[in-house]
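Note that the protein sequences, when read in sequence, are chains G and P. Quick note: the first sequence, position 75, residue 75 per our numbering, numbers continuous. Every position in the second sequence, counted from 1, becomes a number in our numbering once 1000 is added. The C-beta atom is built at its ideal place from N, Cα and C for all residues, glycine as well. Treat the numbers as computed from the prediction; the structure is a model and nothing was measured. Here's the structure, in structure tokens; my notes come after.
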Amino acid sequence: MKQDTFEKIAEIISEICEIESETLTPDKNALLDLDIDSLDFLDITFEIDEVFGIKLPVAEWTEVDGEIDEEEVRRLFRLESICDYVDYLVANHNAAVQKT
Amino acid sequence: MLLETFQLVDEVLSIDEESQEIVTWGYIEASSCVFEHHFPENPVVPGVMLVEFMAQTSGLLLLASTEFQVMPFMSKVKTASFRRFTAPGTEIFGRAAIVGIGPLYSVAKAEVFDHDNARLCNAELGFAMKGPADGADEYQFQASVKRLKDMMPVRSGVYAVSAHGTD
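Given below as structure tokens:
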């Protein structure tokens, strides 16, 4: 996880959810620890897409059949995991741009 | 414009699906009972009505941009500024542009102008995008879509279409 990525995402979450940025650490889970509701989460992912020029697969994340696997939620929505995924998408995007 | 029933957009004047922009029109009837208490002796269009006008304008644009497959529901007023009082008997123009569009959530920027092109208010609005698959009643969904489709300008270039059907 790049520190710069984390700081930008923490700033987005802090602004949208009115959460003190000092309380945001990479190990916090957006849904389980920070209690961010689905609407704010959509707004956060929208802002992340705008800031980083990527497209997070939010529709896929929310297409859950049957019971929600809590372990999956713990893994997927940890801030560190979100930042890693954003870094991955940004790297892919940059590689694709360089190819063209 | 029927303030009491929240039918605020009278006409879609133009819609450009390529640049993702729309212009709408509405006339604020001075006879509306809304002005009896807002305010006595000093009637002013409530700000919430102008926000709704911007939401309906943006919603029509989002509907057209998704080929009427998904219904946008205003879920967030991200920012809103009211720059002038709007009096009854004013005709207003709504302009909206899409900031970002997605299958679940979209954002639009909208503005309202008067006949002299003076900006009355502006806002950035968030929309939850919902289709029949999200539990909405299919019949009601299609009925709403049909009513809203009827408001769209005819593609041949005829840009004046009444809220109550093609003139």
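Please list, in chain order, all residues of the same chain as P:A1118 whose beta carbon is under 7 Å from its beta carbon, the five residues on each side excluded. The beta carbon of P:A1118 lies closer than 7 Å to those of R1084 in the same chain, with the five residues before and after it left out.
Against chain G: residues of the region 1054–1080 of chain P by CB proximity under 7 Å: Per Cβ criterion, the list reads S1075, K1076.
Applying a beta-carbon distance threshold of less than 9 Å, which residues of chain P neighbour G:E50? By Cβ distance, chain P contributes V1099, G1100, V1107.
Is P:P1103 close to chain G, meaning its C-beta is less than 8 Å from at least one C-beta of that chain? Closer than 8 Å to some Cβ of chain G, the Cβ of P:P1103 qualifies, so yes.
At 8 Å on the CB atoms, spell out the chain G contacts of P:A1128, in chain order. Going along chain G in sequence order, the residues near P:A1128 (Cβ under 8 Å) are L39, L42.
Report the three-state DSSP secondary structure of G:F52 (helix, strand or coil). It is helical.
Top-ranked residue by Cα proximity to G:E20, from G:D37, G:A10, G:K99, G:N29: That would be G:A10, whose Cα lies nearest to the Cα of G:E20.
According to DSSP, is P:R1084 helix, strand or coil? Looking at P:R1084 - three-state DSSP - the assignment turns out to be coil, as it is neither helix nor strand.
Assign P:F1073 to one of three DSSP states: helix, strand, or coil. Looking at P:F1073 - three-state DSSP - the assignment turns out to be strand.
Report the neighbours of G:V58 on chain P: residues whose CB is nearer than 9 Å to its CB, in chain order. For G:V58, the neighbours in chain P by C-beta distance under 9 Å run, in chain order, G1102, P1103, L1104, Y1105.
Per-residue DSSP class, three states only, for P:Q1056: Of the three classes helix, strand and coil, the one that applies to P:Q1056 here is helix, per DSSP.
When the Cα of P:S1081 is compared with those of P:F1093, P:L1120, P:F1073, which residue comes out closest? For P:S1081, the nearest C-alpha among the options comes from P:L1120.
Rounded to whole angstroms, what's the CA-CA distance from P:E1138 to P:L1148? Just pull it up for me. Near 15 Å, if we compare the C-alpha coordinates of P:L1148 and P:E1138.
Should G:E58 be labelled buried (16 or more other beta-carbon atoms within 10 Å of its own) or exposed? Inspection of the sequence shows that residue 58 of chain G is occupied by Val rather than by Glu. Per the 10 Å Cβ criterion, buried.
For G:I54, which residues in the same chain have their Cβ closer than 8 Å to its Cβ, ignoring the five residues on either side in sequence? Closer than 8 Å at Cβ, skipping near neighbours: I48, V86, L89, V90, H93.
Length of the line joining the Cα atoms of P:G1131 and G:D37: C-alpha separation (whole angstroms): 20 Å.
To which residues of the same chain is P:V1051 closer than 7 Å at the C-beta, ignoring the five residues directly before and after it? Excluding its 5 nearest sequence neighbours in each direction, P:V1051 has C-beta neighbours in its own chain below 7 Å: V1077, A1080, A1123, listed in chain order.
Would you verify that the beta carbon of G:F77 is, or is not, closer than 8 Å to some beta carbon of chain P? By this cut-off, G:F77 is not an interface position.
Pairwise C-alpha distance: G:L34 and P:V1070: Each residue's alpha carbon lies about 30 Å from the other.
Between the alpha carbons of P:I1015 and G:T5, how many angstroms are there, rounded? If I take the Cα positions, the gap works out to 37 Å.
Is the beta carbon of P:I1028 closer than 8 Å to that of P:A1096? When the beta-carbon positions are compared, P:A1096 and P:I1028 stay at least 8 Å from each other.
With 8 Å set as the bound, which would you pick, yes or no: does the beta-carbon of G:F46 sit closer than that to a beta-carbon of chain P? The beta carbon of G:F46 falls within 8 Å of a beta carbon belonging to chain P, placing the residue at that interface.
Go ahead and pull the three-state DSSP assignment for P:V1044. Judged by DSSP in its simplified three-state form, P:V1044 adopts coil rather than helix or strand.
Backbone CA spacing between G:L79 and G:W61 [nearest angstrom]: Cα to Cα, G:L79 sits roughly 15 Å from G:W61.
Mind checking G:G66: buried by the 16 CB within 10 Å criterion, or exposed? Unreliable positioning characterises G:G66 in this predicted model, as indicated by a pLDDT of 46, which lies under 50. A coordinate reading is not provided.
Can you tell which of P:L1125, P:H1115, P:E1018, P:A1087 has the C-alpha that lies nearest to the C-alpha of P:Y1105? Relative to P:Y1105, the option among P:L1125, P:H1115, P:E1018, P:A1087 whose CA is nearest is P:L1125.
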